[in-house]
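Some notes on the structure that comes next.
Residue numbers (my numbering): 47 to 850.
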């Protein structure tokens with residue numbers, strides 16, 4: 047890990063935290079000039095900003111700054127978003143509400159006598175001598191929390207391709223699958239949260255209840271008109287940037303609303319997985335934390351030995367919970383993977399949906415534990431002591447006055463855990479089993495490859511999930527008021543039991559794709575997860591040579607060669623992988639293997655034994671230059687065709703090995719002959735060019751001269767519909783095999799673009815797929831699939847008589 051990487055991380059985190067504190071203070075000061083109703087409305091907007099998913103804001107700005115207008119091709123690295131200042135602004139836009147809520151809670155409780163004693167204080171002196179001393183005790187704690195959250199931010203730097211320590215940790219782990227190397231690179235992100243959590247004793251403190259003492263007119267008068275105008279302007283800008291624009295980008299386009307139903311249809315399993323995992327984790331944590339601490343409170347009351355939480359063991363548990371919360375989720379996932387993979391007895395848990403739930407529960411245990419503790423601190427100890435003396439059981443105390451009096455605070459803590467789990471990407475990224483992909487993880491994966499109406503529709507579904515508990519609570523209250531047959535207490539118990547049991551349902555997944563097996567008879571598995579010979583970490587490109595040997599490129603940056611029967615033969619490593627991994631392979635007429643390196647803008651020609659023969663490519667956007675090439679294919683003339691995306695989104699043809707340009711067609715957009723991340727291409731026996739136009743969810747067909755012929759496909763998961771087609775293969779009968787990353791399936795079309803059959807569907811069993819990246823046909827009609835999410839290659843064996 048370089049010093050520059052550490053410097054980037056701390057500059058980004060510190061600047062984002064400073065901005066968050068300034069913005070939070072400005073908004074909180076302006077809220078002080080509002081009446082109680084207006085201040086409550088502003089508080090709701092602030093809370094809504096805090097509750098937005100972390101990928102929503104960068105996704106919105108990616109959409110606004112996309113090439114060719116909103117909804118066109120997106121290249122983060124070619125926009126202002128790909129910079130430290132832009133990342134700091136977006137990160138501050140997500141954390142300033144914390145500072146605002148803390149300061150507002152303090153300033154509304156300042157005794158009126160202090161205002162009356164210093165009526166002459168105004169402007170800067172008012173803030174410096176009256177407001178700041180009151181906030182000085184709590185603000186450092188808020189600053190530490192904001193700094194730790196920004197240090198642990200993975201989503202925004204990753205989406206904006208900003209090099210920080212956590213992104214380097216992910217690169218190290220995904221390349222080498224070495225927990226030791228990853229944790230060694232991440233030592234600052236482990237040590238600093240532990241030290242800060244210990245130094246500041248991150249735990250809620252018991253405060254006496256006080257009324258709202260704020261008088262808006264007096265507050266505004268002592269601030270002064272210039273400061274009030276400046277603060278109002280700042281508040282408007284901050285809310286526009288961090289709340290209005292992200293929400294506006296979701297609802298402003300008709301295409302988003304049109305995609306709402308197809309997006310749900312294609313992500314039904316992920317939608318349900320998100321709901322169940324968030325509900326179960328929040329319910330389990332709050333229920334367990336509350337029951338444990340209620341029992342401890344009862345025992346301490348009987349023994350008269352101090353408040354609950356005074357025990358060193360309990361304090362240590364609280365401290366450990368905060369450390370788990372502030373250590374990056376990616377590191378927690380790596381640690382759990384290492385632990386559960388090393389112990390044979392734990393591997394059954396490792397391969398179940400309970401593994402991701404365990405990771406989520408550990409990460410957010412601090413919120414559940416301290417949420418329950420903060421609620422119990424409000425309990426009247428005298429009343430509790432009297433019930434204990436009378437011989438009442440713990441259950442009697444719970445149903446008698448603990449639960450009814452503390453339910454609102456417990457539900458608030460429950461909802462905080464629910465939303466955090468709902469938005470979480472880092473835990474499911476490594477721990478989720480195939481078929482259990484959450485909606486947040488799907489959006490995160492898709493935002494790497496472009497922002498369009500389909501992604502916006504998925505974000506709307508995420509917001510619907512976020513407000514679903516509130517809607518359920520309103521329905522519950524309405525039923526209670528109507529005095530249904532179920533009593534209020536029984537209804538509450540049933541609600542808790544239902545929520546607790548929700549996560550125990552069978553693991554959700556998209557309904558298995560229909561497959562009549564008319565073309566294929568069985569499936570064979572090649573490889574498994576690992577970095578050894580014959581093992582893969584997210585395989586993403588495939589090709590076969592003239593002898594039907596298979597070549598596989600994965601996230602380790604290696605090319606591995608296998609015999610037709612799946613035996614490992616040899617491996618060679620691409621020398622540079624810091625900027626990105628190779629993606630795109632084919633075999634030319636001479637039998638050599640062409641490997642594309644998108645982030646290095648170059649094309650490599652290897653012999654079948656792995657010897658580098660030629661290398662060419664010039665970075666740039668002009669004709670004959672390359673900008674993030676994604677795939678490669680050769681026609682009957684020997685021309686090398688490449689797809690590119692970002693600022694260009696086009697197809698170019700070259701004469702190798704000199705790399706002389708011969709043909710260019712395509713541009714960014716969604717019309718005929720236009721592309722939105724042309725992820726792959728194939729060429730049939732008539733030299734027609736088939737392009738997987740991934741973010742437009744379609745296949746486009748062109749003549750050998752690059753003239754548009756036809757297209758087929760639309761967003762969705764039904765027959766003929768597509769979700770991010772990442773690759774395509776063409777057989778001798780002009781049947782098209784389309785690899786869908788989003789739907790985790792392979793669709794087969796006839797020569798007239800009519801769907802014939804479907805293979806795969808979410809899952810980890812043989813024949814099931816998890817986010818496949820690439821496919822290739824051998825000379826016998828067998829279909830190889832790079833089953834990326836399952837870290838393997840599957841070989842669908844052609845049925846006799848069905849081969850080309």
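For every residue, glycine included, the Cβ atom is placed at its ideal position computed from N, Cα and C. Predicted, not measured: the structure shown is a model, and the values here were computed from it.
Euclidean distance between Cα positions of residue i and residue j
| i | j | result |
| --- | --- | --- |
| residue 64 | residue 96 | 17 Å |
| residue 407 | residue 746 | 45 Å |
| residue 254 | residue 155 | The predicted position of residue 254 is uncertain, since its pLDDT is 42 and thus under 50; no value can be drawn from it. |
| residue 392 | residue 401 | 10 Å |
| residue 779 | residue 612 | 26 Å |
| residue 78 | residue 262 | 6 Å |
| residue 815 | residue 86 | 48 Å |
| residue 515 | residue 220 | 36 Å |
| residue 810 | residue 838 | 10 Å |
| residue 489 | residue 378 | 22 Å |
| residue 739 | residue 179 | 59 Å |
| residue 783 | residue 798 | 13 Å |
| residue 106 | residue 565 | 43 Å |
| residue 397 | residue 479 | 7 Å |
| residue 93 | residue 705 | 55 Å |
| residue 512 | residue 456 | 17 Å |
| residue 66 | residue 272 | 22 Å |
| residue 194 | residue 720 | 43 Å |
| residue 229 | residue 235 | 9 Å |
Same chain, Cβ closer than 6 Å to residue i, neighbours up to 5 away in sequence not counted
| i | result |
| --- | --- |
| residue 711 | 697 and 752 |
| residue 492 | 501 |
| residue 681 | 729 and 733 |
| residue 702 | 686 |
| residue 768 | 743, 759 and 786 |
| residue 766 | 801 |
| residue 300 | none |
| residue 460 | 328 and 332 |
| residue 842 | 566, 569 and 829 |
Status (buried if at least 16 other CB within 10 Å, exposed otherwise) for residue i
| i | result |
| --- | --- |
| residue 635 | exposed |
| residue 605 | buried |
| residue 819 | buried |
| residue 807 | buried |
| residue 718 | exposed |
| residue 163 | exposed |
| residue 507 | buried |
| residue 640 | buried |
| residue 650 | buried |
| residue 624 | exposed |
| residue 796 | exposed |
| residue 218 | buried |
| residue 690 | buried |
| residue 387 | exposed |
| residue 545 | With a pLDDT of 44 at residue 545, under the threshold of 50, the modelled position of that residue is not reliable, and the figure given next carries that caveat. By the neighbour-count rule (16 or more Cβ atoms within 10 Å), residue 545 is buried. |
Coarse secondary structure for residue i, derived from DSSP in three states
| i | result |
| --- | --- |
| residue 626 | coil |
| residue 225 | helix |
| residue 156 | coil |
| residue 708 | strand |
| residue 567 | strand |
| residue 632 | strand |
| residue 471 | coil |
| residue 853 | Residue 853 lies beyond the stretch modelled for the chain, which goes from 47 to 850, so this question has no answer here. |
| residue 650 | strand |
| residue 256 | Residue confidence is low: residue 256 scores 47 on pLDDT, short of 50, so the model does not pin down where it sits. No coordinate-derived value is stated. |
| residue 745 | strand |
Residue range of the unbroken alpha helix (DSSP H) whose run includes residue i
| i | result |
| --- | --- |
| residue 408 | 400-409 |
| residue 81 | Per DSSP, residue 81 belongs to no alpha helix (DSSP H) and is neither H nor E. |
| residue 109 | 102-110 |
| residue 264 | 262-269 |
Where the beta strand (DSSP E) through residue i begins and ends
| i | result |
| --- | --- |
| residue 776 | 771-776 |
| residue 685 | 685-690 |
| residue 757 | 754-758 |
| residue 801 | 801-806 |
Residues near residue i by beta carbon distance below 8 Å, same chain, minus five either side
| i | result |
| --- | --- |
| residue 227 | 218 and 219 |
| residue 282 | none |
Proximal residues to residue i (C-beta, below 7 Å), its chain only, five neighbours per side dropped
| i | result |
| --- | --- |
| residue 292 | 98, 102, 103 and 106 |
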